[in-house]
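Trainee:
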Amino acid sequence: MIKRPGFRGQPSITNVGGDYWVVSNRLVYIDLSGFEYELPEGAPTDGASSRLFNGHLNLLPSHAQNSPPSWLHDWHYRKGFVYRDNVAFKPIMRIDADKLFQEGLILSGVGRWIAWKAYMGVRMFGRIPWNSYRKHEA
169 MIKRPGFRGQ
179 PSITNVGGDY
189 WVVSNRLVYI
199 DLSGFEYELP
209 EGAPTDGASS
219 RLFNGHLNLL
229 PSHAQNSPPS
239 WLHDWHYRKG
249 FVYRDNVAFK
259 PIMRIDADKL
269 FQEGLILSGV
279 GRWIAWKAYM
289 GVRMFGRIPW
299 NSYRKHEA
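For the numbering used here, count along the sequence shown from 1 and bump the result up by 168.
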C-alpha cells in the first residue's frame, strides 16, 4: 500500500518563551518515496528555517512561517538524525534535511518558486547552525 505523502497528525506548537516553541504532539512526515520521518512531541523549534537575519528577512509567506516543514527542518538540524518512535534511527545529511524542507513546503501548499527560495536560503545560510549543533554533540 502506497502512503500518501505529507504530514500526519494535528500540527500544534506551544510557546515556551520568546521565539522558542515546542511541538505539542507527534507528527509524521511521509516523503514522496514513502519514507517516514518523525517529529516527536516536545521537539523544540525557533522557526529559524523560515526566516533569516533574526526575522528581518522572511523566506516564506506568513501562512507558511513556523509551520510543520520548518519544525521538522529545525529538528533535523538540531539532532542530525531521522527519528522513529522517539529513537535516533539513522543520520541525516544537511542537504537531505534541506531537500525535505523544500518538498514539505510544496506538499503543504507553498508554491514551488517560494519553496525553492526557502531551500536556497537554508542552503546558503544553514551551514553555521548545522555546524554549531554538531559541535555541541562532540
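Ideal Cβ placement from N, Cα and C applies to all residues, glycine included. Source: prediction; values computed, not measured.
Could you check the C-alpha separation between A286 and R302 for me, to the nearest Å?
Mentor: Position 118 of the sequence shown, counting from 1, holds the residue named residue 286. Position 134 of the sequence shown, counting from 1, holds the residue named residue 302. Cα-Cα distance, rounded: 22 Å.
Trainee: Could you give the C-beta distance for L195 and R176, rounded to a whole number, given that I count them as a contact under 8 Å?
Mentor: Here the question's residue 195 lines up with position 27 in the sequence shown. Here the question's residue 176 lines up with position 8 in the sequence shown. So it is a contact: roughly 7 Å between Cβ atoms.
Trainee: Assign T213 to buried or exposed, taking buried as 16 or more other Cβ atoms, counted over all protein chains shown, within 10 Å of its Cβ.
Mentor: As a position in the sequence shown, residue 213 is number 45, starting the count at 1. Per the 10 Å Cβ criterion, buried.
Trainee: Could you check the C-alpha separation between S300 and P259 for me, to the nearest Å?
Mentor: Position 132 of the sequence shown, counted from the first residue, corresponds to residue 300. Position 91 of the sequence shown, counted from the first residue, corresponds to residue 259. Using only the alpha carbons, I get a separation of about 16 Å.
Trainee: For S235, is the classification buried or exposed, using 16 other Cβ atoms within 10 angstroms of its Cβ as the cut-off for buried?
Mentor: For the purposes of this step, residue 235 is taken as the residue at position 67 of the sequence shown. Result: buried.
Trainee: When DSSP labels each residue in this structure, what does I176 get in the three-state scheme?
Mentor: Start at 1 with the first residue of the sequence shown, and residue 176 comes out as number 8. It is worth fixing the name first, because residue 176 is Arg in this sequence and not Ile. Three-state result, R176: strand.
Trainee: Can you grab the Cα-Cα spacing for the pair G289 / A216, in whole Å?
Mentor: Translated into the one-based positions of the sequence shown, residue 289 becomes position 121. Translated into the one-based positions of the sequence shown, residue 216 becomes position 48. Distance between the alpha carbons of G289 and A216 is about 11 Å.
Trainee: Which residue marks the beginning of the alpha helix (DSSP H) containing G289, and which one marks its end?
Mentor: Translated into the one-based positions of the sequence shown, residue 289 becomes position 121. 280-293 is the span of the alpha helix (DSSP H), which, as asked, contains G289.
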